[in-house]
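First residue of the sequence shown: 12, per the working numbering; consecutive thereafter.
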Amino acid sequence: MTTRGTAAARTHVATNRRLWERQAVGYERHAGRFLSGRRAMAWGFWRIPESELRLLGPVRGRDVLEIGCGAGRWLVALAGRAARPVGLDLSRRRLDQARGEMRRARRRVPLVEGDAERLPFADATFDVVFCDWGAMTFCDPLRTIPEASRVLRDSGRFVFATSSPWRVVCQTFKPERMTRQLQRSYFDLHRIDYPGEVNFVLPYGEWIRRFRVAGFTIEDLVEIQAPVGRATPYLTKSERPWGRRWPLENIWQLRKEPRRASRRSRTRSPRSRTRRPGANSG
Ligand SMILES: C[S@@+](CC[C@H](N)C(=O)[O-])C[C@H]1O[C@@H](n2cnc3c(N)ncnc32)[C@H](O)[C@@H]1O
């Protein structure tokens, strides 16, 4: 793909690092309590519990990597369930916040400052790679999907929550709000430039092709419907009814095929049937 390698194409990493260094404290003030306690090991805007969705599978004794771990509340909860979690984040301030969470919880979890597009881990290090609106929202999936596959062991799980294509296609940016009109081209989804922030979302077909090429099978696609009457700090009151009718967020649950099977599917993997993502964002 054209985005591979060049420094110019990776400016989003520096933009997003600046964003998170700048807003780490404000984000915690705004959402920290909502992400804590029994909502720590839960997904997305409405904190749907992992105990209900069961997407990670058994974690006891498993090596689990969170990419874009933020203040590390998932990590603390996973350590409490006898997993062997590791947290990776781009932002030094967010990792400082994670250290604070761990001190308070008296848990020690390894934390790594790094970029999820270039994971600083050997091949086949983890049983589970996951994120909850973490690095998969802010990184180019053309890089992160193969990286997640590389660091996973055979049959390992890759699970991530991020924006649905529906949300991005119906969203205005200035001001940022949900509408009932189509605001941008579906086929051009890839890099989404907000003021001072870059996100990434692919059309569904392109997600699926990228997963297959990287050796994943899809176990589930959870399209979260906003629970009735439940508040979230991530949406205004007037935006919440939108999420009752259309999915704002998706959670992909993938499994890395054992190597022999994945080689076979790679040779069969189809060429992109949509236009190349990122060819013309806007
Ligand atoms: C919305 S927060 C989610 C973190 C956590 N789930 C939470 O809610 O606190 C997104 C996180 O992704 C991290 N991030 C952004 N780009 C990244 C990258 N290229 N590599 C690793 N982490 C990244 C940010 O620093 C931030 O901590």
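All C-beta atoms in this analysis are idealised placements derived from N, C-alpha and C, irrespective of residue type, glycine included.
Just so you know, these numbers come straight off a predicted model, no measurement behind them.
- In the DSSP assignment, residue 78 falls within the beta strand (DSSP E) that extends over 74 to 78.
- Secondary structure remark: continuous beta strand (DSSP E) runs of at least 3 residues inside the segment 209 to 250, in chain order: 227 to 234.
- Residue pairing by DSSP puts residue 205 in a beta bridge opposite 208.
- According to DSSP, residue 97 shares a beta bridge with 76.
- Cβ neighbours of residue 166 within its own chain (closer than 7 Å, five residues either side excluded): 266, 267, 269.
- The Cβ-Cβ distance between residue 179 and residue 200 falls below 8 Å.
- Residue 85 is bridged by DSSP to nothing; it lacks a bridge partner.
- Within a 10 Å sphere around the beta-carbon of residue 61 sit 16 or more other beta-carbons, which makes this residue buried.
- Residue range 122 to 124 is occupied by the beta strand (DSSP E) that includes residue 124.
- For residue 235, the CB stays at least 7 Å from every heavy atom of ligand 1.
- Nearest C-alpha to residue 114 among 99, 141, 83: 83.
- Residue 45 carries a helical assignment under DSSP once its states are collapsed to helix, strand and coil.
- Screening all residues for a C-beta within a distance smaller than 6 Å of any heavy atom in ligand 1 leaves 24, 27, 31, 46, 78, 79, 81, 82, 99, 100, 101, 102, 105, 126, 127, 128, 143, 144, 145, 146, 149, 150, in chain order.
- Distances from the alpha-carbon of residue 80 to those of 92, 59, 218, 31 put 31 closest.
- One Cα belongs to residue 193, the other to residue 250, and the distance between them is close to 16 Å.
- Beyond the five residues adjoining it in sequence on each side, residue 42 comes within less than 6 Å, by CB distance, of 244 in the same chain, given in chain order.
- Note on geometry: alpha-carbon atoms of residue 57 and residue 239 lie some 10 Å from one another.
- Within a 10 Å sphere around the beta-carbon of residue 77 sit 16 or more other beta-carbons, which makes this residue buried.
- Comparing alpha-carbon positions, the option among 187, 227, 68, 132 lying closest to residue 247 turns out to be 187.
- Of all C-beta pairs linking the segment 158 to 165 to the segment 119 to 130, three or more are shorter than 8 Å, placing the two stretches in contact.
- The shortest CA-to-CA distance from residue 177 to any of 204, 261, 46, 54 is the one to 261.
- Membership of residue 149 in the alpha helix (DSSP H) is indicated by the continuous run 146 to 149.
- For residue 107, the enclosing alpha helix (DSSP H) covers residues 103 to 116.
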